[in-house]
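Participant: Under my numbering, residue 296 is the last one in the sequence shown; the count climbs by one each step, no gaps. Note that beta-carbon positions come from the ideal geometry of N, C-alpha and C, so glycine has one too. One structure follows; several queries about it will come next.
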Amino acid sequence: MNSFSVASGRALKSIRHLVSQEIGAWEARGVRISVKESQAGELLVLRCEVPKTREIEPHEILQTIKASVANGLSHIIVDEYEKLLVARLIDDNYAYLSTADREILKRKAMARLAGNDGASSIGHSSQRKSRVWAKLAEYLEREDEIVLEGFITFRLKEYLEDLFDAVEETVEDYLTEREYREFLKLLRHFMSRQKETTYQVNIVRDGGRYQVLDEKLKPVSGEVGRFLERPPRGIDLGVDDLIVSAVVTLAPEFVVWHGKVENSPCYDLIHDLFEGRLHVCPGCALDSGGSPVV
Numbered sequence: 003m004n005s006f007s008v009a010s011g012r013a014l015k016s017i018r019h020l021v022s023q024e025i026g027a028w029e030a031r032g033v034r035i036s037v038k039e040s041q042a043g044e045l046l047v048l049r050c051e052v053p054k055t056r057e058i059e060p061h062e063i064l065q066t067i068k069a070s071v072a073n074g075l076s077h078i079i080v081d082e083y084e085k086l087l088v089a090r091l092i093d094d095n096y097a098y099l100s101t102a103d104r105e106i107l108k109r110k111a112m113a114r115l116a117g118n119d120g121a122s123s124i125g126h127s128s129q130r131k132s133r134v135w136a137k138l139a140e141y142l143e144r145e146d147e148i149v150l151e152g153f154i155t156f157r158l159k160e161y162l163e164d165l166f167d168a169v170e171e172t173v174e175d176y177l178t179e180r181e182y183r184e185f186l187k188l189l190r191h192f193m194s195r196q197k198e199t200t201y202q203v204n205i206v207r208d209g210g211r212y213q214v215l216d217e218k219l220k221p222v223s224g225e226v227g228r229f230l231e232r233p234p235r236g237i238d239l240g241v242d243d244l245i246v247s248a249v250v251t252l253a254p255e256f257v258v259w260h261g262k263v264e265n266s267p268c269y270d271l272i273h274d275l276f277e278g279r280l281h282v283c284p285g286c287a288l289d290s291g292g293s294p295v296v
């Protein structure tokens, strides 16, 4: 008698449903296939036995069952095992992070894999299912039994590498974002310690050049003005860094931005730093240029 078995320690409800659905389809065609359950350690084993029939060769029935099971298992692996696999990758490789950080990373990694953040580099879940299905179909074409956990570990190495890449990208983005938040916190702390603060600073952008004006629309003077006119030698600061440094030193209550905001790291940082205290000018004479000094 021809037989086929699938063993697993997880997703048992889904696997039972998959096998039951396939057996039911054959019963509707008049072919009764017996299914026996047994326990092998922590694994549940479902063994399908195909009887001889006059109309269809048992081997043909068996191959059709295995093809259908391969398709179903590809969905189970991606839809149910993937979350567990991602959690293991994060817990095993980033144990130095706090439990809270790892939980956040797990959610972010799953969102990336689902395509919800627009940053996934390993394709949509349907693409992953297709690649997993191809491996399953190839394996089951010549084998009459499969242990799902073992198959994932030893036969889906490329898939696991893809998951690790997604996790690695998620961790890198998260740590960069966290460092950025800590940097903003440090800058805010520095501004809060300034003894003399300015009520308002105007930043005028003309292309890649900037002008920093006080609330009377005059170029800032004093130490900050000299710093902008003649940046210290030996300090490699780009123009965006110079402007941000000047604004942080002035520690204004409000910032008004004149000019375009697109493709300006300076605007992006000041926007995040001042949050609701940054106003973009809807249009005035300064927005069309002026005499930038930086």
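Counting Cβ pairs closer than 8 Å, one from the region 221-229 and one from the region 276-289, do we hit at least three?
Facilitator: The region 221-229, when compared against the region 276-289, does not touch it at the 8 Å Cβ threshold.
Participant: For Met193 versus Ala253, is the C-beta spacing smaller than 7 Å?
Facilitator: Yes.
Participant: Is it buried or exposed, Asn118, if we count other Cβ atoms within 10 angstroms and call 16 or more buried?
Facilitator: Classification for Asn118: exposed.
Participant: Rounding to the nearest angstrom, what Cα-Cα distance links Pro221 and Glu181 in this structure?
Facilitator: So the alpha carbons of these two residues sit roughly 33 Å apart.
Participant: Would you kindly work out how many angstroms separate the C-alpha atoms of Val21 and Ala27, rounded to a whole number?
Facilitator: Spanning the two alpha carbons is a distance of roughly 10 Å.
Participant: What did DSSP end up calling Leu162 once you bin it into helix, strand or coil?
Facilitator: In this structure, Leu162 counts as helix in the three-state DSSP scheme.
Participant: What residues in its chain sit with their C-beta under 8 Å from that of Asp82, if we drop five residues either side in the sequence?
Facilitator: Contrary to the premise, residue 82 reads as Glu rather than Asp in this sequence. Only Arg12, Ala13, Ser16 meet the Cβ criterion.
Participant: Look up Arg211 in the DSSP assignment and give the residues it is bridged to.
Facilitator: Per DSSP, Asp208.
Participant: Out of Lys197, Pro284, Arg18, Ile35, which has the shortest C-alpha to C-alpha gap to Leu46?
Facilitator: The option with the nearest alpha carbon to Leu46 is Arg18.
Participant: Which residues bound the beta strand (DSSP E) around His260?
Facilitator: Note, His260: beta strand (DSSP E), 256-260.
Participant: What is the DSSP secondary structure of Cys286, counted as helix, strand or coil?
Facilitator: Of the three classes helix, strand and coil, the one that applies to Cys286 here is coil, per DSSP.
Participant: Give the straight-line distance between the Cα atoms of Arg31 and Lys159, rounded to the nearest whole angstrom.
Facilitator: In a straight line, the C-alpha of Arg31 is about 38 Å away from that of Lys159.
Participant: How is Ala113 classed by DSSP in three states: helix, strand or coil?
Facilitator: Looking at Ala113 - three-state DSSP - the assignment turns out to be helix.
Participant: Exposed or buried, Tyr201, counting other C-beta atoms within 10 Å across all chains shown (16 or more means buried)?
Facilitator: Tyr201 should be labelled exposed.
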